[in-house]
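Here the UniProt record's numbering is used: the first residue of the sequence shown is 1, the next is one more, and so on. Backbone N, C-alpha and C fix where the C-beta goes; we use that ideal spot for every residue, glycine too. Quick caveat: nothing in here was measured; it's all calculated off a predicted structure.
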Amino acid sequence: MSKRWKYLWQAGAALISLCLLSSCGEEQEEVERTFGFDEFVPKYNAYIKNWLAGERHRVKKEIDSLSEEQAGADERKLAELKDSLADARRELARIEYRQSVGDYFAFKKETDLPEGLQWEDGSGQPEIGDSRARKGGSFHFYISEFPATVRQFGKEANNSFRSEIYDNLEVALIGLHPITSRIIPGTAKRWAVSEDGHTVYYELDPDARYNDGHKIPVKDYMVSIYIRVSDYVSAPFQKQYYREQFAQVASYGEKYLSVTLPEQKPLMPYYGAMAPAPSHFFKDYGPDFVDRYQWKVAPHTGAYYVKDKDVVKGVSITLTRDKDWWAKDKQYYRNRFNPDKMVFTVIRDESKAFELFRAGQLDVFGLTRPNFWYEKSEIDPVFDGYIERYQFYNQFPRSPRGAYMNVARPIFQNLDLRKGVDFSLNWQKCIDVIFRGDYARLQQFSVGFGEITNPNVRARQFSVIRAREHFAKAGYTQEGSDGILRKPSGERLAVNLSYPNVAYYPRLVAVLKEEAKKAGLDIRADGLESTVYYKKVMKKEHDMCIWAWGTNPPFPRYYQSFFSKNAFDSNGEPKPQTNNINCYSNPVMDKYCKGVRYARTVEEVKENSWKAQQLIHDEALFSPAWVTNFVRVGSWRWLRWPDTEDTPFCVPIVYSPLESYCYWIDEEIKQETLKAKRLGKTFPEVQVVIDDFKDGIPVTQEKSEEAREEGGMSNE
């Protein structure tokens with residue numbers, strides 16, 4: 001019993017005693033806690049209806065106001081107003097469509113399903129993993145800190161460990177195949193898109209269960225929204241997301257579910273997919289949700305669950321494989337999720353974690369960084385064949401890491417100047433000196449998105465001659481005694497390069513500075529404490545900065561980084577706290593940004609993305625730096641990896657091989673290895689490079705065409 005409930009119980013007992021002592025004759029009734037979903041539905045439907053009415057009124061007023069402002073506006077203002085007016089009309093269309101749909105939560109009969117739906121089931125895709133995989137054994141890894149909670153959402157739930165117990169495991173209605181990027185079944189066995197392209201219908205798999213054995217009632221997909229948007233939890237992003245991005249969620253008996261979106265999207269089944277929430281587990285959901293569920297891991301549709309006793313606070317968390325998991329024999333899941341136990345132990349010091357790995361207490365360790373690959377892993381267990389080393393080339397979207405030029409700064413408003421700076425940055429030497437030549441040159445802003453990446457866009461290579469040509473066009477025609485170019489007026493060619501003063505960055509900037517001087521450019525190193533650096537860039541007070549954005553499949557995003565509204569405020573000043581750190585404003589780029597954001601097909605995404613990528617290069621807004629296009633791991637020889645044509649070591653579209661769950665523990669090899677260690681017996685040293693996906697994901701033309709027809713993605 002928690003302290004809070006103990007206190008309430010004691011207070012209640014005292015109150016009853018007081019009633020008895022004062023001859024209180026009324027009988028006291030205990031208030032029963034109810035889940036509240038049934039009561040919530042009509043209230044939320046009414047809330048959304050009223051909110052949409054208010055939004056419609058607001059947007060119509062905005063349209064009228066913008067229309068009036070156009071009269072007498074100058075050319076620049078007129079273009080801005082037209083753009084705003086188009087956005088407002090699009091928003092009005094979204095709202096009016098949503099109003100035409102009806103209630104947000106709807107409960108219909110199976111006979112209400114539209115006729116003539118074209119159902120798809122995602123069949124015919126490659127196997128994931130290796131049929132030789134064995135179930136059993138325990139997998140041991142480490143985490144650097146214990147999570148603040150094991151809740152899936154709410155206060156402090158957005159921690160790094162959440163993915164290990166929820167995000168990486170939970171099976172939603174559908175998923176994306178990690179080799180072909182085509183849609184594959186999850187808890188839905190089939191899906192179909194409505195004729196107008198707004199609604200996705202899902203036929204639920206009758207085999208699907210939570211990993212505590214309970215069946216999944218269709219209403220639990222709605223419950224998933226309820227527990228995130230109710231007043232019992234503070235989750236502002238999720239509340240806004242479900243309010244604005246979903247138009248309707250409807251059940252059709254217990255077998256079918258539909259999700260309606262305000263606008264058509266490419267990969268509609270993917271964007272409409274959600275995972276259910278177990279109403280039986282959340283039966284005590286209420287105002288004390290955060291505290292009551294703080295250390296309870298919710299059952300979900302994935303292969304692993306967590307017992308209460310296996311959450312050892314501050315020490316470890318152990319996951320247990322559901323041996324009766326509903327998807328254990330399904331095509332795209334049967335060769336994955338193999339260890340019986342997944343043990344995550346808190347080890348705060350990386351060096352200590354490596355020593356435990358070296359001793360065999362951890363099964364795997366990341367060796368991507370050069371010092372780990374070349375130095376720390378040059379140890380006897382590797383030489384003796386107990387630990388094996390692998391370098392795997394993946395095809396996950398790459399972070400656009402490089403130098404971002406702030407075109408709001410006077411010096412960077414000149415295109416030739418920007419091109420000259422780009423030619424002056426010797427990223428390859430940084431790779432060779434700082435990263436021992438291991439990493440590769442990033443070629444452009446959007447790498448790793450398969451066919452969405454424009455292969456014709458290539459980074460400018462370091463060239464003193466080309467740099468000086470562009471600097472001369474920008475007016476810097478004279479060289480000073482210090483080797484730095486000047487204008488005839490005496491203005492030196494100098495820019496500030498801001499960066500976080502951590503790790504290898506000071507050394508890297510020193511290399512850039514030395515090389516840029518050869519081209520006549522003075523780079524003034526502006527190394528800052530990380531928090532100060534972040535604030536400076538977000539305030540758009542930098543000349544040029546080294547920066548990287550996080551990326552995820554399936555598509556790149558440009559609106560937040562390059563759309564004009566995110567560049568300047570209404571007074572023409574750089575707009576703070578937006579991702580447009582270039583302060584770039586261009587109606588042509590705005591068209592491409594919108595083209596990607598509002599695309600209805602993959603082909604539209606591709607067309608506009610290719611144009612955006614080319615324009616970013618042509619405008620020299622971003623100088624691509626380096627990319628780690630591989631992952632290195634060391635693993636004890638009993639941790640086995642796939643070795644098939646489709647899954648050579650790991651699937652390609654994955655950030656880390658551990659997230660594929662295609663590996664397994666071979667207990668026979670483990671006992672053989674431990675015995676060999678005791679006896680001093682050795683095995684051949686193993687160091688393997690798996691480069692099957694280094695230049696992309698090989699697919700046949702037939703598969704490529706099929707993927708495009710079905711709204712999937714292909715990589716060539």
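Buried/exposed call for residue i, threshold 16 Cβ in 10 Å
i, result
"Val312", "exposed"
"Val537", "buried"
"Asn608", "buried"
"Ala88", "buried"
"Gly448", "buried"
"His280", "exposed"
"Gly154", "buried"
"Thr149", "buried"
"Pro339", "buried"
"Phe289", "buried"
"Ser570", "exposed"
"Asp482", "exposed"
"Asn406", "buried"
"Tyr504", "exposed"
"Glu164", "buried"
"Arg524", "exposed"
"Val297", "buried"
"Trp373", "buried"
"Val689", "exposed"
"Arg348", "exposed"
"Gln613", "buried"
"Glu619", "buried"
For residue i: DSSP bridge partner residues
i, result
"Phe107", "Ser251"
"Cys545", "Tyr404 and Ser498"
"Phe342", "The displayed chain sequence assigns Met, not Phe, to residue 342. Its beta-bridge partners are Phe139 and Leu319."
"Glu120", "Trp191"
"Tyr202", "Trp191 and Leu257"
"Ser635", "Val364 and Glu388"
"Val382", "Paired residue(s): none; Val382 is not in a bridge."
"Tyr304", "Arg321"
"Val229", "BP columns for Val229 are empty, so no partner."
"Leu176", "Ile183"
"Tyr393", "Phe630"
"Val688", "Tyr390"
"Asp526", "Ser498"
"Lys215", "Arg209"
"Ile665", "Leu639"
"Glu613", "Looking at the sequence itself, residue 613 is Gln, so the reference to Glu does not match. None; Gln613 has no bridge partner."
"Leu485", "Glu479"
"Arg441", "Trp626"
Selection from the options that minimises the alpha carbon distance to residue i
i, options, result
"Ala516", "Ser463, Lys591 and Pro576", "Ser463"
"Glu254", "Ala208, Thr551, Lys296 and Trp295", "Ala208"
"Thr301", "Lys376, Asp324 and Val511", "Asp324"
"Val495", "Leu508, Lys513 and Asn501", "Lys513"
"Gln443", "Arg418, Arg358, Trp626 and Arg389", "Trp626"
"Ala459", "Tyr663, Ala408 and Trp427", "Trp427"
"Lys656", "Tyr393, Val421 and Phe622", "Going by the sequence as given, residue 656 is Ser instead of Lys. Here the closest residue by C-alpha is Tyr393."
"Glu263", "Ala247, Tyr558 and Pro278", "Ala247"
"Leu66", "Ser84, Val343 and Arg76", "Ser84"
"Gly213", "Ala277, Leu169 and Asp322", "Asp322"
Presumed contact (8 Å Cβ cut-off) between residue i and residue j, rounded CB distance
i, j, result
"residue 736", "Lys283", "Within the shown structure, residues of the chain are numbered from 1 to 716, placing residue 736 beyond reach of any answer."
"Pro299", "Tyr210", "4 Å"
"Phe649", "Trp638", "About 16 Å separates the two Cβ atoms, so there is no contact after all."
"Tyr661", "Arg336", "4 Å"
"Asp329", "Thr647", "That pair is no contact at about 18 Å."
"Trp636", "Asp363", "5 Å"
"Tyr305", "Thr320", "6 Å"
Test: residue i CB closer than 8 Å to a CB of chain C
i, result
"Ile523", "Absent here is chain C; the protein component of the structure consists of one chain."
Close Cβ partners of residue i (< 8 Å) along its chain, the five nearest in sequence each way excluded
i, result
"Leu674", "Gly360"
"Val229", "Tyr44, Ala235, Gln238, Lys239, Tyr242 and Arg243"
"Glu96", "Arg56"
Same chain, Cβ closer than 7 Å to residue i, neighbours up to 5 away in sequence not counted
i, result
"Val218", "Leu204, Ser251, Glu254 and Leu257"
"Lys518", "Val464"
"Val433", "Val511"
"Glu27", "Model confidence at Glu27 stands at a pLDDT of 39, short of 50, so the residue's coordinates are unreliable and nothing is read from them."
Beta-carbon proximity list for residue i, same chain, < 6 Å, skipping 5 on both sides
i, result
"Ala157", "Thr149 and Arg151"
"Ile225", "Tyr242"
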